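First up is the structure itself, then whatever we jot down about it.
2 protein chains.
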Amino acid sequence: MTQNIYDDPEFFQGYSQIARSIGGLDAAPEWPALKAMLPSMKGLKVVDLGCGYGWFCRWASDQGADSVLGLDVSEKMLEQARNTTSATNIKYARADLEQLALPAASFDLAYSSLALHYIKDLPGLFAKIHAALKPGSRFVFSIEHPIFMAPRNPGWLIDSEGNKRWPVDSYQLEGERVTNWLAEGVIKQHRTIGTLLNTLIGADFRIQHVNEWGPTNAEMAAQPALAEERERPMMMLVSVQR
Amino acid sequence: MTQNIYDDPEFFQGYSQIARSIGGLDAAPEWPALKAMLPSMKGLKVVDLGCGYGWFCRWASDQGADSVLGLDVSEKMLEQARNTTSATNIKYARADLEQLALPAASFDLAYSSLALHYIKDLPGLFAKIHAALKPGSRFVFSIEHPIFMAPRNPGWLIDSEGNKRWPVDSYQLEGERVTNWLAEGVIKQHRTIGTLLNTLIGADFRIQHVNEWGPTNAEMAAQPALAEERERPMMMLVSVQR
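Sequence order for the protein chains is A and B. Straight run, no breaks: the first sequence in our numbering ends on number 242. Straight run, no breaks: the second sequence in our numbering ends on number 484.
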C-alpha cells in the first residue's frame with residue numbers, strides 16, 4: 001500500500017494550512033493551465049484519483065458533470081470532502097491507488113492532481129485507468145516535475161548576483177525520494193520524464209499535451225512570489241487520450 | 243538563415259577534433275539508445291537533417307537503405323561527407339533547415355542528430371518534415387536537453403562532498419542561448435520539453451518514445467567519465483510517427 005501520509009496527524013495539520021487546502025482550485029497557481037487542458041464537464045462521468053478535500057469533484061459537479069467519483073487513501077480528507085458537499089452526483093470512496101479497482105469502460109474523464117508521484121506501480125495504475133475509461137476519452141493529470149524531485153537535497157542556491165538556481169543531480173537514478181515536507185519521511189517516487197511518457201504510451205494512451213507549468217506575466221504581477229517558478233519547472237501537467 | 247557556425251574556421255577546426263567527428267557513431271555515447279529507436283533500414287528512403295560528416299548516412303546505406311539524402315548547411319562538412327563515401331545511393335545536398343524544401347510523401351524515415359536546437363522556426367520545420375514523410379513512417383531525432391540548455395551560465399557546481407550538481411535557471415524563458423562551445427557566440431534555441439512535444443503533436447505527429455539519454459552501468463564501467471551524465475540529462479532522443 002502507498003504510504004498514507006495524509007492521515008499522519010502532523011502532515012494533515014500542515015496540509016490543512018496550505019493555500020490550496022484553504023482556497024481550493026483558485027489558490028493553486030497551476031489551475032488555470034490545468035483547466036485549459038480539460039474538456040467541458042457537461043454530461044461526463046468523471047473519476048478523480050487522489051481527490052483530497054474534493055475541490056475538483058465539486059467544481060466538476062458544478063460544471064455539469066453527470067457523476068463524479070472521488071477516490072482517496074486518506075479517511076480524514078474524505079470525511080472533510082463529504083462534509084463540504086450536498087451534491088448528490090458526487091460519491092467519495094476510499095481507495096489505495098496501488099490497488100485500484102474500477103468498472104471497465106465507465107468513465108469519460110480521469111483526473112488526478114499531484115498524486116501520481118506517490119505511486120510505485122505506475123504501469124499497473126495506468127493500465128487500470130485505461131481500462132476504466134471509455135474509448136476516445138481523456139486522462140488529465142498534474143505531477144511533481146522530475147527536475148523538482150530528482151535532487152538528493154532539493155533546494156535553491158542563490159548565486160553572487162542574487163539569482164536563484166535549482167541544482168539538479170541524480171536525475172537518471174529513479175526510485176524513492178524521501179523529503180520532509182509538512183512531516184518527516186514523506187516518500188515520493190522519482191521517474192524521468194521519458195519514463196513517465198513511455199509508461200503512458202505503453203499503456204496505449206496517446207500524448208496530447210504536456211505543460212511544464214510556469215506563471216504567466218499577469219500571474220507574476222499579481223503574485224510576485226511566483227517568480228521562482230520561472231527558473232525551474234515544479235510541475236508537469238499532462239493530457240492523454242485513451 | 244540559421245547561423246552557419248559549422249563553416250566558421252575556428253568552430254570547424256574544433257569540431258573536427260571531438261570524439262564523434264573522428265570516431266563517428268560508435269564514439270557518440272547516445273548512439274546505442276538512438277539506434278534502438280530506429281526501424282530496420284532495409285529498403286527505406288531516408289533523409290538525414292543536419293548530416294554533418296555523413297556518418298549516419300553511410301551507416302543507413304550499409305544497413306540496406308534504398309536511398310539516403312544527407313542535408314547540411316555546412317559546405318565544409320558536406321565536402322568531407324562526399325569524400326568519404328562511394329555509395330551510389332547516398333546523395334548530399336546543401337540545405338538550410340529553416341528553408342527546407344522536400345518532395346511530398348517521399349521518405350520512410352527522417353533522422354536528425356543534435357541539429358534541431360539550432361532551429362528558430364521549429365513548427366515550420368516539423369510541418370515540412372511531416373509533409374515529406376509517407377503516412378505511418380517515422381521521425382527520430384536527438385536534441386540537446388532543455389535542462390542542459392536553459393541556464394544563463396551552464397556548468398557544474400561541486401558541492402562540499404564532491405558531488406556534481408547542475409544548477410538550472412531561466413527554464414521557462416524560451417529563446418536564444420549563446421554559448422562559447424568550440425567558438426564564441428554559438429546560438430542555440432531553448433524551448434521547454436512541453437513546447438518541443440506540443441510542437442510535434444501540433445504538426446500531427448504521434449509521440450512514440452522519449453529517452454532522456456543517460457549511460458547504462460556497462461557504459462559507465464567502460465567509460466567512467468560518463469558518470470556525470472547520470473546527474474542531469476544532456477540529450478533527448480525522440481521518436482514520433484507520422
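The C-beta atom is built at its ideal place from N, Cα and C for all residues, glycine as well. Quick caveat, the model's predicted, so the values are computed rather than measured.
With respect to chain A, the C-beta atom of B/Pro251 has no partner C-beta closer than 8 Å.
Taking 7 Å as the Cβ-Cβ cut-off, the region 197-214 of chain A approaches chain B at Leu197, Asn198, Ile201, Arg206, Ile207, Gln208, His209, Val210, Asn211, Glu212 and Gly214, given in chain order.
Within the model, the alpha-carbon separation for A/Val210 versus B/Ile449 is close to 11 Å. Nearest neighbour of B/Arg407 by Cα position, chosen from A/Ala150, A/Ala110 and A/Val178, turns out to be A/Ala150. Taken atom to atom, the span from the alpha-carbon of B/Gly294 to that of B/Arg472 is near 27 Å. A/Ala110 sits in a strand when the DSSP states are folded into three classes.
About 5 Å separates the Cβ atoms of B/Ile247 and B/Val428, confirming a contact at the 8 Å cut-off.
From the beta-carbon of A/Asn163, the residues of chain B found nearer than 8 Å are Arg394 and Asp411. Shown here, B/Ile400 sits in a strand according to DSSP, grouped into three states. Separation of B/Asp249 and B/Trp423 (C-alpha to C-alpha, rounded to the nearest whole angstrom) is 14 Å.
In this chain, B/Pro365 is not harboured by any beta strand (DSSP E); it is covered by the alpha helix (DSSP H) spanning Leu364 to Ala374. In the DSSP annotation of this structure, the continuous segment of the alpha helix (DSSP H) that includes A/Thr199 starts and ends at Ile193 to Gly202. Using a Cβ-Cβ cut-off of 8 Å, A/Gly14 does not count as an interface residue toward chain B, since no Cβ of chain B sits closer than that to its own. Distance check between B/Ala374 and each of B/Ser328, B/His432 and B/Val289 places B/Val289 closest, using alpha-carbon atoms only.
Look at A/Gln172: its C-beta is under 8 Å from a C-beta on chain B.
Contact with chain B is absent for A/Leu182, since none of that chain's Cβ atoms lies less than 8 Å from the residue's Cβ.
DSSP, reduced to helix, strand and coil, places B/Met477 within a strand of the structure shown. Listed by position along chain A, the residues whose Cβ is nearer than 9 Å to that of B/Gly378 form an empty set, because the closest Cβ is around 15 Å away.
Here DSSP, grouped into helix, strand and coil, assigns A/Ile119 to coil. The region 190-206 of chain A and the region 120-128 of chain A touch, with no fewer than 3 CB-CB distances between them shorter than 8 Å.
Between B/Ile435 and chain A, the shortest Cβ-Cβ separation is below 8 Å. B/Ser309 is positioned such that its CB atom lies closer than 8 Å to that of B/Lys287. DSSP lists A/Val68 as the beta-bridge partner residues of A/Ile90. Residues of the region 221-236 of chain A with a C-beta atom less than 7 Å from some C-beta of chain B are Arg230, Glu231, Arg232 and Pro233, listed in chain order. The Cβ-Cβ distance between B/Ala337 and B/Leu313 falls below 8 Å. The straight-line gap separating the alpha-carbon atoms of B/Met462 and B/Leu468 is approximately 6 Å. Around the beta carbon of B/Glu321, a 10 Å sphere encloses fewer than 16 other beta carbons of the protein chains shown; the residue is thus reported as exposed. With a beta-carbon spacing of about 6 Å, A/Pro29 and A/Pro215 fall inside the 8 Å limit used to define contacts.
B/Asp290 is bridged by DSSP to B/Gly312 and B/Tyr353.
Sixteen is the threshold: since fewer than 16 other Cβ atoms of the shown chains lie within 10 Å of the Cβ of A/Gly136, the residue is exposed. DSSP places B/Lys430 within a strand segment (E or B) once states are collapsed to three.
Across the set B/Gly285, B/Gly266, B/Ala302 and B/Ala346, the C-alpha of B/Ala346 shows the shortest separation from the C-alpha of B/Lys370. A/Gln172 carries a coil assignment under DSSP once its states are collapsed to helix, strand and coil. Around B/Ile400, no beta-carbon contact reaches into chain A at under 8 Å, the shortest distance being about 11 Å. Counting only residues of its own chain and dropping the five nearest sequence neighbours on each side, A/Arg232 has a CB closer than 6 Å to the CB of Ile147 and Trp166. The three-state reading of DSSP puts B/Glu340 in helix, counting H, G and I together.
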